[in-house]
Amino acid sequence: MSLKIIVGTQWGDEGKGRIVDLLSAQSDIVARYNGGDNAGHTVNVANHTFKLHLIPSGIIHPHTSGYLGNGLVINPKSLWTEMEMLRDLNIQVSPERLKISFAAHMITPGHIALDRAREATRGKGQIGTTSRGIGPAYTDKVSRNGLRMLDMLDLQHFEEKLRRHLQKVNTELSVNFQTAPLAVDPIVEDYLNYARLLQEYIVDTGDLLDQALQAGKQVLAEGAQGMLLDIDHGSYPFVTSSNVTATGVFSGLGIGIQPVEKVIGATKAFQSRVGAGPFPTEVEGEMATRLRGTGDKPWDEFGTTTGRPRRVGWLDGVLLRYARRINGLTDLVLTKLDVLSGLPEIKICTAYRDQNGVTYSTPPLGISDLDQFTPVYETAPGWQEDLTSVRQWEDLPENAQAFVRFVEQIGGVRVMLASVGPERSQVVSVPA
Ligand code: GDP
Ligand code: IMO
Ligand code: MG
862 MSLKIIVGTQ WGDEGKGRIV DLLSAQSDIV ARYNGGDNAG HTVNVANHTF KLHLIPSGII
922 HPHTSGYLGN GLVINPKSLW TEMEMLRDLN IQVSPERLKI SFAAHMITPG HIALDRAREA
982 TRGKGQIGTT SRGIGPAYTD KVSRNGLRML DMLDLQHFEE KLRRHLQKVN TELSVNFQTA
1042 PLAVDPIVED YLNYARLLQE YIVDTGDLLD QALQAGKQVL AEGAQGMLLD IDHGSYPFVT
1102 SSNVTATGVF SGLGIGIQPV EKVIGATKAF QSRVGAGPFP TEVEGEMATR LRGTGDKPWD
1162 EFGTTTGRPR RVGWLDGVLL RYARRINGLT DLVLTKLDVL SGLPEIKICT AYRDQNGVTY
1222 STPPLGISDL DQFTPVYETA PGWQEDLTSV RQWEDLPENA QAFVRFVEQI GGVRVMLASV
1282 GPERSQVVSV PA
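Counting with the working numbering, you get residues 862 to 1293 for the letters of the sequence shown.
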């Protein structure tokens, strides 16, 4: 039995999609276990850039199947749009290849309206959500009022449930937020249509995954977001509403821990964050522009889902150690090493210092109050060479090799692979 897990170790956008694409070559099933269309996973293959929000990045390989687990919140319209986008590119998207858990929850325009309205009233405490209705859909799930994909299998029951839900949303919009109500009938008509289109994809994915694992198939679990956005272990309240960490795989796919072979952390060689919340190693000014890019290159740091400029900073080793602990990481993939070329020196945060001068090597009292700490940096010498055509470890400049080893030492976990560009081939295996 073989289950590999890919989890982002930062605040998202570490390059998970491209790593999943790479590892999909040896996988039979790629399964998303958390989040919704707040995710934006980019995969570059043969001059085409795929931007996937819901469908697992493995779908691009013709031999894999993609599963959407019960831990997701699914906007049927986004899902259908993505399915059509892939079909237009001659990628087969059939019920044989794509399977949706009956127990996944559904996002409606009601959740999106509530997401916007709740954000607007948060004032300075705004989270900077992706406005995709993620928080309100998960809120309905835990308060046991949610709509599930299963509901789509009985159209009459679905219509009644959807109408009740939209009426409740409209009451909340007008009473709590003095906002105009949503027109219910067009939404119901739309959603009944998506129900007809998606019905044949809705199955018990947990059971199918179990059968596949028992039969010796290779399964890859694709995390969305980054673990510092995890609802339990992230920088609460500036987080998303799901379990991003590796532990979310088991509740979000309906399988046990027995088949786990590797937990691979996707880590960018620096750090980024979209939306609000603490970011101790954030940089501003010229260095921020240098790390972010100006938007002329496809991989520059602008949100895949919302287009917002990402906040950027140096790699935070304290939080990397935290990610190792919470996820039980066995390996790291270090992405975007090429972006650091040309810098005279590179900083890595190795500890935090508080106002009294006390230093910490792990985040004290979790990571919600990170703003009170100053990062303690160590500085590594940079390299001038362009890395984008390097494919062998021996061909990496000495200082780039030393940087990779430094990340291993600071994080306490081995780097198995470093990437030097967004294309499939732009990776370097790192010897143990
Ligand atoms: P994800 O959400 O973790 O899948 O990451 P995103 O797709 O949102 O953002 C990562 C961006 O970096 C995408 O544009 C990728 O194509 C790009 N990318 C990934 N790895 C590398 C790399 O090693 N070098 C460069 N230059 N770009 C990369
Ligand atoms: P991928 O999978 C980066 C952030 C939002 C916001 C917070 C809550 O591409 O790494 P939400 O809409 O989830 O309620 O927003 O989480 N966020 C992400 N940031 N990458 C993502 O996904 C994200 N998904 C959500 O910006 O700060
Ligand atoms: Mg992304």
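The beta carbon of each residue, even a glycine, is placed where N, CA and C say it ideally should be.
Rounded to whole angstroms, Phe1019 and Lys938 show a C-alpha spacing of 16 angstroms.
Taken through DSSP and simplified to helix, strand or coil, Gly919 comes out as helix.
Annotation for Glu1269: the continuous alpha helix (DSSP H) segment containing it runs Glu1259 to Gly1272. Assigned with DSSP and collapsed to three states, Ser1290 falls in strand. In terms of side-chain proximity, the C-beta atom of Thr910 is found no nearer than 8 angstroms to any non-hydrogen atom of the ligand MG. Contact check for Leu1193 against Gly1095 fails: the beta carbons are separated by 9 angstroms or more. By the C-beta density criterion, Pro917 is buried, having at least 16 other C-beta atoms within 10 angstroms.
Counting the other Cβ atoms within 10 Å of the Cβ of Ile1209 gives 16 or more, which makes it buried. Val1274 and Lys1029 have their C-alpha atoms roughly 48 angstroms apart. In this structure, the beta-carbon distance from Gly1156 to Ile1271 does not fall below 9 angstroms. For the pair Glu1061 and Pro956, the CB atoms are nearer than the 9 angstroms cut-off. Annotation: the continuous beta strand (DSSP E) that includes Gln1079 extends over Gln1079 to Gly1087. Inclusion of Gly932 and Gly1113 in the CB contact set at 9 angstroms is warranted, their separation being smaller than that value.
Counting C-beta pairs with one atom in each stretch, the region 1133-1151 and the region 1167-1178 have three or more that are closer than 8 angstroms, which means they touch.
Within the chosen limit of 8 angstroms, the ligand MG does not reach the beta carbon of Asp1091 with any heavy atom. The closest heavy atom of the ligand GDP lies 8 angstroms or more from the beta carbon of Asn899. A direct Cα-Cα distance of roughly 25 angstroms separates Thr1142 from Gly984. Under DSSP, the beta-bridge partners assigned to Ala1212 are Val1237. Around the beta carbon of Arg958, 16 or more other beta carbons lie within 10 angstroms, which makes this residue buried.
Within the DSSP bridge table, the entry for Gly869 names Gly1087 and Ala1127 as partners.
Relative to the non-hydrogen atoms of the ligand IMO, the Cβ of Val1291 never comes closer than 8 angstroms to any of them. Taking a contact to require three or more Cβ pairs closer than 8 angstroms, the region 977-991 and the region 1027-1041 qualify as touching. The criterion of a C-beta distance shorter than 9 angstroms is not satisfied by Phe1131 and Leu1180. Pro1292 and Gln987 have their C-alpha atoms spaced approximately 44 angstroms apart.
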